[in-house]
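For the sequence shown, our numbering begins at 23 and goes up steadily by one. Glycine is no exception: its CB is placed at the ideal position from the N, C-alpha and C atoms.
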Amino acid sequence: MNRNQGMKTKTNSTTKSVLFILLALVFVTAMIGDSVFARLGNASESNSQSQKEDKKKKEKSVNPSDPALSTIIGTDKQGGLAVYDLSGKQLQYLADGLMDNVDLRDGFKLNGKAVSIVAAGNRRDNSIAIYTVNPQTRLLENAAARKINHGIQIYGTCLYQNRKTSKTYYYGTSKSGDVEQWELFDNGQGRVDARKVRNFKVGTVIEGCVADDEFGQFYVSEEAVGIWKYGAEPETGNQRTLVDKVGNGHLYADVEGLAIAYGRDGTGYLMASSQGNHTYVVYRRDGNNEFVKKFRIGNGSATDGAEETDGIDVTTANLGPAFPYGLFVAQDGFNDKGNQNFKLVPLQLIVK
Numbered sequence: 023m024n025r026n027q028g029m030k031t032k033t034n035s036t037t038k039s040v041l042f043i044l045l046a047l048v049f050v051t052a053m054i055g056d057s058v059f060a061r062l063g064n065a066s067e068s069n070s071q072s073q074k075e076d077k078k079k080k081e082k083s084v085n086p087s088d089p090a091l092s093t094i095i096g097t098d099k100q101g102g103l104a105v106y107d108l109s110g111k112q113l114q115y116l117a118d119g120l121m122d123n124v125d126l127r128d129g130f131k132l133n134g135k136a137v138s139i140v141a142a143g144n145r146r147d148n149s150i151a152i153y154t155v156n157p158q159t160r161l162l163e164n165a166a167a168r169k170i171n172h173g174i175q176i177y178g179t180c181l182y183q184n185r186k187t188s189k190t191y192y193y194g195t196s197k198s199g200d201v202e203q204w205e206l207f208d209n210g211q212g213r214v215d216a217r218k219v220r221n222f223k224v225g226t227v228i229e230g231c232v233a234d235d236e237f238g239q240f241y242v243s244e245e246a247v248g249i250w251k252y253g254a255e256p257e258t259g260n261q262r263t264l265v266d267k268v269g270n271g272h273l274y275a276d277v278e279g280l281a282i283a284y285g286r287d288g289t290g291y292l293m294a295s296s297q298g299n300h301t302y303v304v305y306r307r308d309g310n311n312e313f314v315k316k317f318r319i320g321n322g323s324a325t326d327g328a329e330e331t332d333g334i335d336v337t338t339a340n341l342g343p344a345f346p347y348g349l350f351v352a353q354d355g356f357n358d359k360g361n362q363n364f365k366l367v368p369l370q371l372i373v374k
């Protein structure tokens with residue numbers, strides 16, 4: 023993150039999506055089975071929050087001038103959005119509604135300036151919640167021009183930004199299996215408005231989604247079926263490819279959160295939460311999305327592992343001494359000693 027997915031991180035400008043909330047260092051302790059299955063353990067974990075809290079998607083805002091000032095934006099499914107620094111300290115909490123997923127993009131043109139835009143699906147009133155990130159305070163500021171209502175019952179959310187035109191789009195997913203795509207734009211008064219540009223049917227329950235901005239591709243998890251790949255542009259219609267399916271040894275229902283790790287020259291990875299067996303699956307993001315490996319976040323000396331994960335996120339950006347090669351974040355849906363929290367894994371322990 024279901025897209026769980028409730029979180030993204032941001033530094034002052036460049037943003038990479040990194041889903042969960044608080045910081046937990048994780049180390050590879052053993053290889054299980056063959057060379058494509060790794061178990062990660064010895065994690066520290068975030069502080070548990072309220073008993074009712076159901077953490078979902080995370081988004082990561084990366085600060086290029088000072089990576090240590092990057093932030094993580096997470097959704098509390100029971101009440102709002104929270105902003106954290108990389109030590110896990112909460113900087114802001116907005117009780118703006120029942121937020122399910124959140125996503126972020128840099129470079130959105132608003133009032134003549136490039137800003138970082140954040141969007142989430144609000145299940146309380148079935149609307150699109152829109153914010154910008156204040157680069158000085160690192161906090162979120164409401165930027166919606168009006169109440170923008172979905173035509174579906176919102177369940178999941180992600181963003182796509184065309185690398186050539188800089189047009190930014192919002193995707194909403196649903197339990198009915200329908201997807202809506204909206205173009206986000208400046209209304210001329212320094213606020214963000216949206217117009218619906220596409221809708222299509224995937225099938226059964228869908229929540230987790232992610233867009234590959236470089237390749238112009240949109241991925242969505244049909245929870246009981248597998249991962250589908252569509253064109254991300256509005257005119258690409260409903261043509262699709264099945265990346266991987268439940269029951270082939272990689273994915274176990276429910277298929278939940280998705281994330282993109284961007285590499286150089288078109289390389290990198292598509293990552294997925296296989297909630298049914300508490301694992302995470304890695305595919306190549308180029309070509310036919312060849313399967314690479316799967317891994318677990320296991321118990322460590324001081325913390326439990328991660329299970330029942332909805333949302334995930336990842337960045338390949340240098341986030342300072344703790345995460346110089348990037349970061350993978352996962353929601354821990356079941357915590358042995360308390361409420362849900364998030365686990366953070368140095369990316370080099372998963373992929374090189």
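Membership of Leu-113 in the beta strand (DSSP E) is indicated by the continuous run 112-116.
Per the coordinates, the alpha-carbon of Gly-248 lies some 9 Å from the alpha-carbon of Asp-276. Of the residues Glu-163, Arg-160, Ile-152, the one whose Cα lies closest to the Cα of Lys-169 is Ile-152. For the pair of segments examined, the segment 334-351 was found to touch the segment 277-286: the number of CB pairs separated by less than 8 Å reaches three. Fully enclosed beta strand (DSSP E) runs of no fewer than 3 residues occupy 214-223, 228-234, 239-244, 248-253 of the segment 206-256, in order along the chain. CA-CA distance, Arg-213 to Asn-299, rounds to 43 Å. Inter-residue distance for Asn-133 and Lys-197 is about 36 Å (C-alpha atoms, whole angstroms).
Glu-163 and Glu-245 have their alpha carbons spaced roughly 33 Å apart. Less than 8 Å separates the beta-carbon of Val-219 from that of Gln-203.
Shown here for Arg-146: same chain residues with a beta carbon closer than 8 Å to its own, the five before and five after excluded, namely Gly-119, Leu-120 in chain order. Arg-286 sits in a helix when the DSSP states are folded into three classes.
Assigned with DSSP and collapsed to three states, Asn-164 falls in strand. By DSSP's assignment, Gly-143 forms a beta bridge with Ile-150.
The three-state secondary structure of Gly-194, taken from DSSP, is strand. DSSP places Pro-89 in the helix class (H, G or I) of the three-state scheme.
In the three-state scheme derived from DSSP, where H, G and I count as helix and E and B as strand, Gln-158 is classed as coil. Comparing alpha-carbon positions, the option among Tyr-302, Asp-266, Thr-301, Asn-340 lying closest to Asn-310 turns out to be Asp-266.
Contact annotation: Ile-372 and Phe-345 have beta-carbon atoms that are not nearer than 8 Å. If you look at Val-124, you'll find it in the beta strand (DSSP E) that goes 121-132. Assignment of beta-bridge partners to Glu-278 by DSSP yields no partner.
Less than 8 Å divides the Cβ of Val-232 from the Cβ of Cys-180. The beta carbon of Ala-283 lies closer than 6 Å to those of Gly-290, Tyr-291, Val-336, Thr-338 in the same chain, with the five residues before and after it left out. The C-beta separation of Asp-234 from Arg-307 comes to about 6 Å, placing the pair in contact by the 8 Å criterion.
Annotation for Tyr-191: Tyr-182, Gln-203, Glu-205 place their beta carbon closer than 6 Å to its own, counting only its chain and skipping 5 residues before and after. Counting the other Cβ atoms within 10 Å of the Cβ of Asp-88 gives fewer than 16, which makes it exposed.
Within the DSSP bridge table, the entry for Leu-181 names Tyr-192 as partners.
A straight-line Cα-Cα distance of about 15 Å links Gly-101 and Ala-141. The C-alpha of Gly-143 lies about 16 Å from the C-alpha of Asn-221.
For the pair Val-137 and Pro-157, the Cα-to-Cα distance works out to about 9 Å. Here DSSP, grouped into helix, strand and coil, assigns Thr-258 to helix.
Secondary structure of Gln-100 (DSSP, three-state): coil. In the three-state scheme derived from DSSP, where H, G and I count as helix and E and B as strand, Asn-299 is classed as helix. Between Ala-90 and Leu-113, the C-beta gap is not smaller than 8 Å, which leaves the two residues out of contact. Tyr-302 and Glu-312 do not touch by the CB rule: their CB atoms are close to 16 Å apart, not below 8 Å.
Where Thr-331 is concerned, there is no enclosing beta strand (DSSP E), because DSSP gives it neither an H nor an E. No residue range can be given for Ala-339, since it is assigned to no beta strand (DSSP E) and is classified by DSSP as neither H nor E.
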